[in-house]
Every structure is written in C-alpha cells, then in structure tokens.
C-alpha cells in the first residue's frame with residue numbers, strides 16, 4: 438500500500454512539473470539496410486519535434502531577408518535537390534559553387550556536403566544558414582526571429598515541453614524532420630523484397646547486371662553510395678574546386694568529392710558536384726569517354742590501361758532503364774515531407 | 410586517539426585566533442577554494458590598446474589589433490607532490506575576448522584546496538567537445554550565443570584563436586584593403602570513410618610557478634596573472650609576414666601561427682589572495 442502511494446505521488450508531481458510527453462515516432466531501419474550511424478540516443482524523434490522541424494525546413498525566416506528556406510534548394514519533387522539548378526541559388530540571386538545534394542537516408546551518413554566538412558547532421562543546417570551565397574544569416578538572429586514569431590513558441594513547447602528556443606532544440610528539430618526522410622520503397626526495393634507483382638523488365642534486369650558489374654563498387658546497394666570521397670575524372674575548370682582537400686588540406690584529397698547516392702537519381706538533375714551534366718545520358722558518356730587523367734583520379738577509373746568505364750550503347754540503354762527503378766514515388770510524394 | 414584529544418585541547422586553549430593561524434598553514438583534504446586566472450594581453454612591453462595601438466612585429470611590419478579572442482579550456486593544476494587535479498571539463502570552457510573586460514578573468518570555483526606548482530590549460534576546444542552532441546555545447550560553446558564568430562560551420566569545428574587588425578604592409582585584398590585575419594582552429598578531426606585527420610592546432614600551455622606556490626584554501630582566492638604577448642603570434646616559432654599571408658584560416662600556415670601563440674603565454678604574477 439505504502440509503495441503504491443509513493444508511486445502515485447511521483448506521478449502526480451510529474452504531471453505538474455512537466456507537460457505532456459510528446460509522442461515518440463519510431464525510426465525504422467528498412468529491410469536490408471545497415472544500422473544507421475546517426476546517434477539517435479541523443480535525439481528521440483517525436484511527432485511534435487518532427488512537425489517543428491518540418492515547419493522550420495519550409496520557413497524563409499532561416500534566411501537574412503526571409504526569402505530562402507531549406508526547401509528552396511531541397512525540393513521534394515526533386516528528391517530534395519534543387520531542380521534544374523547546376524549550383525545552389527540563394528539569397529539576392531547569389532550563386533554558390535556546388536550543386537545542392539539530394540536529401541534522404543541521412544541517418545546513414547557520417548559526413549555531409551560534397552567535401553565532408555560537417556560530421557554530424559545536427560551541425561549541417563548552420564552551414565547553409567551562415568553561407569553568404571545561401572541564406573546569409575546568423576544563427577542567433579534566426580533563433581531571435583523564432584522567439585518573436587507568433588507560432589514557434591507554441592511549436593517548441595509541444596516539441597520540448599517549454600517555449601525555450603535554443604540552438605540545440607532548433608537543430609535537433611531539423612534533424613528529426615530530415616532523419617525521417619527515408620527512401621527505401623523504389624521499384625528496385627520492392628523487387629529485392631520480392632513483393633507480389635513486382636518484376637523487372639528485360640532491360641531493367643540487364644541494367645541491374647551491368648550496374649553490378651560496372652558501377653556498384655562506388656554505388657553499392659542499398660544506399661547506392663559507398664560514402665567515400667573520389668575523383669571521377671571530371672575535366673578541370675580554370676580554378677578547380679579542390680573538394681575534400683579544402684577540409685583536410687591534404688594533397689591526396691585534391692579534386693575528390695563525396696560519392697552521391699543514385700536513389701531517385703532520375704529526379705535530381707543536374708549532376709556532379711558542380712551540376713555540369715544536365716542528363717544521366719551525359720553522365721554515362723562521361724564515364725565511357727570523358728574521364729580525364731587528373732591528379733588523384735580514382736584508380737577504379739584507370740584499370741587495364743583504359744581510363745573510364747567502357748559502356749556500349751546497349752549498356753547505356755539498360756543502365757538508364759535500371760536507374761529509373763531507383764525512383765521512389767512514395768517518398769517523392771509523401772505528404773509528411775511536403776510543405777506544412 | 411591521544412593526539413586528537415591533544416589537538417582538541419589546543420583549540421580550546423587558544424580559541425579563534427589560534428584557529429586562524431593554524432588554518433593559514435594547513436587545510437583539509439575536503440576543503441574547496443576559488444581560483445582566478447587573469448589574462449593580460451600585451452604587445453611586447455606595451456599594453457594592448459585595441460584599434461588605436463600601433464605595434465611592430467618581428468618582420469618589421471606595423472599593425473593594430475581590432476579583434477582578439479581565444480578559448481581557454483581543460484584547466485589542470487599540478488600539486489607540489491606531482492598530482493594533477495583537473496577542473497571539471499564540463500565547466501572548463503572560457504572565451505577570452507580583449508574587447509570584453511569581464512571575460513579576461515576566469516573564475517574557477519570549488520577547486521580542491523592544496524599547494525600547487527603549475528597551471529596547465531588548452532588554447533582551443535578539445536576534439537572530444539568538438540565532436541560532442543550539439544545539446545552538450547551550451548554556454549561559451551553555444552554557436553548561436555557566446556561562440557558566435559568562433560565556429561566554422563562549413564568545416565565544422567571551433568575557431569580556437571582569432572586575431573584581426575590592419576597593417577599598411579599587409580598584402581592588399583582584392584578590394585585594396587590591408588587587413589589581416591588569423592582564424593586558427595582544426596582539432597585533428599575528420600571522420601570520413603576511411604577516416605582522414607585534419608591538422609591539429611590544439612595547444613596546451615603549462616605555466617610553472619618555480620619556487621612560488623599557489624595556495625588554494627577555502628578562505629582565500631589566489632590569482633594567476635597570465636601575460637599574452639601578441640607580438641609572439643608573429644614570431645614564437647615561425648616568422649609570419651603580413652606582407653605575404655595576411656589571411657590565415659583553414660590553411661596549413663595555421664599550424665605555424667598556433668605554434669607561435671603556444672609560446673605567447675607566460676606567467677606574469679601569482680597573487681596569494683584577491684577580492
């Protein structure tokens with residue numbers, strides 16, 4: 438009897454001191470995926486936290502003049518990349534130097550950006566916010582705008598119990614939203630899971646075979662990236678972007694960039710770190726005939742005395758057919774990720 | 410037992426004054442005291458005057474200082490018998506900013522009483538804290554708060570040491586201005602696949618007190634006065650020339666600057682008790 442009474446007392450206290458605990462949302466690792474690398478123990482995902490992150494992702498207040506939100510350069514229909522833009526297009530029509538990467542399956546990434554300069558998803562948004570060509574704003578001013586906003590204090594209260602707008606709460610909310618952006622339901626995935634009625638066409642099946650033979654070392658399933666930094670032999674520009682070397686300051690990292698995922702790749706043109714190729718056909722032709730003998734060229738692209746990857750016209754046709762099977766319509770149209 | 414009785418008798422006999430005398434020399438192992446560390450930023454034998462002060466570096470270049478900030482962290486004390494006492498790391502991150510007089514004196518509370526012969530601290534933010542969850546980076550380390558301007562978002566990590574100003578000899582920027590900017594960070598991090606380490610500019614300074622002893626007691630607040638000489642930033646180990654490299658940020662030359670400023674901190678004085 439005594440023990441029950443104590444428990445009741447504790448329960449009573451906690452309802453007074455802390456408001457309703459937000460409902461936790463479970464992050465599910467898709468079948469066949471490795472364990473995520475994101476430290477989830479530090480960021481429990483809740484419905485209210487996710488919705489706060491979603492509101493922030495779509496809000497121009499994160500930029501200096503209110504004109505640019507995360508979603509401007511990361512559009513859902515383009516797999517959260519910037520449709521039709523070679524390099525990122527930010528505030529005052531300023532242009533960045535690199536192509537906005539597609540966002541999904543971020544829980545499996547330990548390095549962000551083309552150069553891997555950020556090691557934690559939580560620390561990724563400040564880079565876009567503070568970049569003069571993107572949002573050109575300071576983090577403290579963003580937080581101040583949110584504090585004065587008519588809707589955010591309540592959203593922070595729902596997500597975290599109080600209205601305090603702190604750096605960590607702000608960044609963790611964005612992470613909660615972005616972490617849930619999982620793409621694992623393409624035709625390819627359903628085929629691999631042997632779902633009823635899902636078959637590959639002859640071209641798609643042949644494309645998968647060619648892919649496994651010629652592309653999968655750098656773009657292995659299920660993430661379709663090995664998450665490494667490589668130089669794929671692009672023709673150098675007059676002042677080449679040194680990529681990874683800008684972070685590590687090491688000669689061996691010059692001209693290397695993070696290998697992008699090929700999931701939803703048909704929806705996220707243009708391609709390469711500087712968006713120089715407008716179509717996948719041009720990308721394939723680059724690997725077939727365009728690979729340059731640049732410093733630090735990835736050894737995989739220079740084997741048996743041949744630069745690049747020999748691709749016949751048939752190879753290219755079937756590869757394109759296969760790459761289309763990586764399009765995940767349910768992800769691209771998932772209402773949870775759209776403008777709130 | 411007998412000794413305790415004797416001591417009790419001693420206290421009873423000599424009363425309050427006797428106690429004070431006794432405590433001046435001894436202390437209990439569980440006593441805690443306060444320690445202050447005061448940074449005095451100078452330029453050689455001159456006091457550092459922001460903006461208007463004009464100084465000459467080892468390369469003969471004249472310069473002024475408009476910004477001077479650095480992180481001091483991971484504070485440790487070495488006792489007379491060689492034991493290292495670490496101040497709780499969680500509370501051990503301070504940002505010294507020459508333009509904010511209140512930031513120049515660090516106050517460490519609940520330091521174990523003892524006789525200390527050396528003080529060690531890091532200039533910068535250690536790699537562990539640099540990679541710690543963002544929720545653990547509050548106070549001085551809040552990138553939207555006190556650490557604003559002392560953090561690289563695109564190459565994530567804290568700037569350890571920031572010194573800016575102008576020099577007529579500095580190599581002009583594209584807009585013709587002759588400012589210099591040293592922003593030194595990088596903790597030997599990098600978590601690529603495979604892992605690649607960036608350069609490591611973390612520096613520890615140890616100030617030995619020689620024959621002097623820093624006495625921390627529960628009723629006394631000693632202060633370590635530290636002198637930081639900005640002239641040495643240009644010449645401790647390498648001679649830096651503003652005419653050649655006025656802007657050093659994420660750059661291999663940052664290692665030269667950090668090697669220099671590691672030698673810029675010296676012991677100025679020990680004060681046994683300050684208000």
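Residue numbers (the working numbering), protein chains in the order written: chain A, 438 to 777; chain B, 410 to 684. Positions of the beta carbon are idealized from the N, C-alpha and C atoms, including for glycine.
Reducing DSSP to helix, strand and coil, say where residue i ends up.
| i | result |
| --- | --- |
| residue 546 of chain A | coil |
| residue 561 of chain A | coil |
| residue 661 of chain B | coil |
| residue 442 of chain A | Its pLDDT being 37, under 50, residue 442 of chain A is placed unreliably by the model, and nothing is read from it. |
| residue 551 of chain B | coil |
| residue 497 of chain A | helix |
| residue 457 of chain B | coil |
| residue 636 of chain A | coil |
| residue 515 of chain B | strand |
| residue 628 of chain A | helix |
| residue 541 of chain A | coil |
| residue 724 of chain A | helix |
| residue 506 of chain B | strand |
| residue 670 of chain B | helix |
| residue 516 of chain A | coil |
| residue 484 of chain A | helix |
| residue 444 of chain B | strand |
| residue 615 of chain B | strand |
| residue 527 of chain A | coil |
| residue 566 of chain A | helix |
| residue 509 of chain A | helix |
For residue i, does the count of other Cβ atoms within 10 angstroms reach 16, so buried, or fall short, so exposed?
| i | result |
| --- | --- |
| residue 626 of chain B | buried |
| residue 776 of chain A | exposed |
| residue 491 of chain B | exposed |
| residue 640 of chain B | buried |
| residue 610 of chain B | buried |
| residue 537 of chain B | exposed |
| residue 418 of chain B | Here residue 418 of chain B scores only 45 on pLDDT, less than 50, and its place in the model should not be relied on; the value that follows carries that caveat. The residue in question, residue 418 of chain B, is exposed, as its Cβ has fewer than 16 Cβ neighbours within 10 Å. |
| residue 551 of chain B | buried |
| residue 673 of chain A | exposed |
| residue 554 of chain A | buried |
| residue 454 of chain B | exposed |
| residue 514 of chain A | exposed |
| residue 561 of chain A | buried |
Identify, in the order they occur along the chain, each residue of the same chain with its Cβ nearer than 8 Å to the Cβ of residue i, setting aside the five sequence neighbours on each side.
| i | result |
| --- | --- |
| residue 757 of chain A | 644, 717, 718 and 721 |
| residue 753 of chain A | 718, 721, 722 and 725 |
| residue 628 of chain A | 635, 636, 637 and 762 |
| residue 662 of chain B | 649 and 654 |
| residue 558 of chain A | 475, 543, 544, 546, 549, 612, 615 and 616 |
Leaving out five residues on either side along the sequence, give the residues of the same chain with a beta carbon under 7 Å from the beta carbon of residue i.
| i | result |
| --- | --- |
| residue 679 of chain A | 691 and 692 |
| residue 352 of chain B | Since the first residue shown for chain B is 410 and the last is 684, residue 352 of chain B is missing from the structure and cannot be characterised. |
| residue 647 of chain B | 665, 668 and 669 |
| residue 492 of chain A | 592 and 777 |
| residue 668 of chain A | 692, 693, 731, 733, 734 and 735 |
| residue 547 of chain A | 474 and 556 |
| residue 625 of chain A | 762 and 763 |
| residue 679 of chain B | 618, 621, 623, 631 and 633 |
Within a Cβ cutoff of 6 Å, which residues of the same chain sit near residue i, ignoring the five residues on either side of it in sequence?
| i | result |
| --- | --- |
| residue 675 of chain B | 636 |
| residue 512 of chain A | 520 |
| residue 544 of chain A | 473, 475 and 616 |
| residue 518 of chain A | 537, 539 and 705 |
| residue 597 of chain A | 606 |
| residue 589 of chain A | 583 |
| residue 568 of chain B | 559, 592 and 594 |
| residue 486 of chain A | 596, 610 and 613 |
| residue 590 of chain B | 573 and 656 |
Give the residues of chain E in contact with residue i, contact being defined as C-beta atoms less than 8 Å apart.
| i | result |
| --- | --- |
| residue 527 of chain A | Checking the listed chains, one finds no chain E in this structure; the protein chains it contains are A and B. |
Could you run through the stretch 561-581 of chain A and flag, in chain order, every residue whose CB is less than 8 Å away from some CB of chain B?
Per Cβ criterion, the list reads 563, 564, 566, 567, 568, 575, 576, 577, 579 and 580.
So if I threshold CB-CB distances at 7 Å, which residues from the stretch 563-593 of chain B count as touching chain A?
For the stretch 563-593 of chain B, which is checked against every Cβ of chain A, the residues closer than 7 Å are 563, 564 and 565.
Inter-stretch contact (C-beta, 8 Å, three-pair minimum) for the stretch 474-488 of chain A and the stretch 608-624 of chain A:
Touching, per the Cβ criterion.
So, does the stretch 504-513 of chain B touch the stretch 449-460 of chain B, judging by three or more C-beta pairs under 8 Å?
Enough Cβ pairs lie closer than 8 Å, so yes.
Interface residues of the stretch 654-678 of chain B facing chain A [CB-CB below 8 Å]:
659, 660 and 661
Looking at chain A, which residues of the stretch 525-543 of chain B have a Cβ within less than 7 Å of any of its Cβ atoms?
540, 542 and 543
So if I threshold CB-CB distances at 9 Å, which residues from the stretch 544-557 of chain B count as touching chain A?
544, 545, 546, 547, 551, 552, 553, 554 and 557
Residues in the stretch 683-697 of chain A with C-beta within 9 Å of chain B's C-beta atoms, listed in sequence order?
683, 684, 685, 686, 687, 689, 690 and 695
Three or more beta-carbon pairs under 8 Å between the stretch 757-776 of chain A and the stretch 616-635 of chain A, yes or no?
Yes, since at least three Cβ pairs between the stretch 757-776 of chain A and the stretch 616-635 of chain A fall closer than 8 Å, the two stretches touch.
Closer than 8 Å is the cut-off here; do at least three beta carbon pairs connect the stretch 520-534 of chain A with the stretch 679-689 of chain A?
no
When you compare the stretch 565-578 of chain A with the stretch 494-507 of chain A, are there three or more beta-carbon pairs, one atom per stretch, that lie closer than 8 Å?
Yes, they touch.
Take every Cβ of the stretch 494-512 of chain B, pair it with every Cβ of the stretch 465-472 of chain B, and state whether three or more of those distances are shorter than 8 Å.
no
If contact means a Cβ-Cβ distance below 9 Å, which residues of the stretch 598-611 of chain A contact chain B?
603, 604, 605, 606, 607, 608 and 609
Say whether the stretch 436-443 of chain B touches the stretch 469-483 of chain B, bearing in mind that this needs 3 or more beta-carbon pairs closer than 8 Å, one atom from each stretch.
no
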